[in-house]
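Asker: One structure, as structure tokens, below. Some questions next.
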Amino acid sequence: MITCNVCGHLNPLDAVVCENCGSDLSDSPDLGGFDEDDEFY
Numbered sequence: 008m009i010t011c012n013v014c015g016h017l018n019p020l021d022a023v024v025c026e027n028c029g030s031d032l033s034d035s036p037d038l039g040g041f042d043e044d045d046e047f048y
């Protein structure tokens, strides 16, 4: 999930803009931490 920096809404990982307020999610700290093929244990 990607948290919107503006309104705090949780968006799906493939979202480009917030589903709630329409803000750009490209600057979210939730992006860039992991690749899609990373495994979590």
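Heads up, the sequence shown stops at 48 in my numbering, and the numbers go up one at a time, no gaps. Glycine is no exception: its CB is placed at the ideal position from the N, C-alpha and C atoms.
#1: Is the Cβ of Leu32 closer than 7 Å to any Cβ of chain B?
#2: Apply the 10 Å Cβ neighbour rule to Leu32 and answer buried if 16 or more other Cβ atoms are within range, or exposed otherwise.
#3: Going by DSSP, name the residue or residues bridged to Asp37.
#4: Buried or exposed: Asn27, going by 16 or more other Cβ atoms within 10 Å of its Cβ?
Answerer: A quick look at the data gives this:
#1: No chain B is present in this structure, which holds just one protein chain.
#2: Position 25 of the sequence shown, counted from the first residue, corresponds to residue 32. Buried, by the Cβ-count rule.
#3: Position 30 of the sequence shown, counted from the first residue, corresponds to residue 37. In DSSP, Asp37 forms no bridge with anything.
#4: By 1-based counting over the sequence shown, the position of residue 27 is 20. Counting Cβ neighbours within 10 Å, Asn27 comes out exposed, since fewer than 16 surround it.
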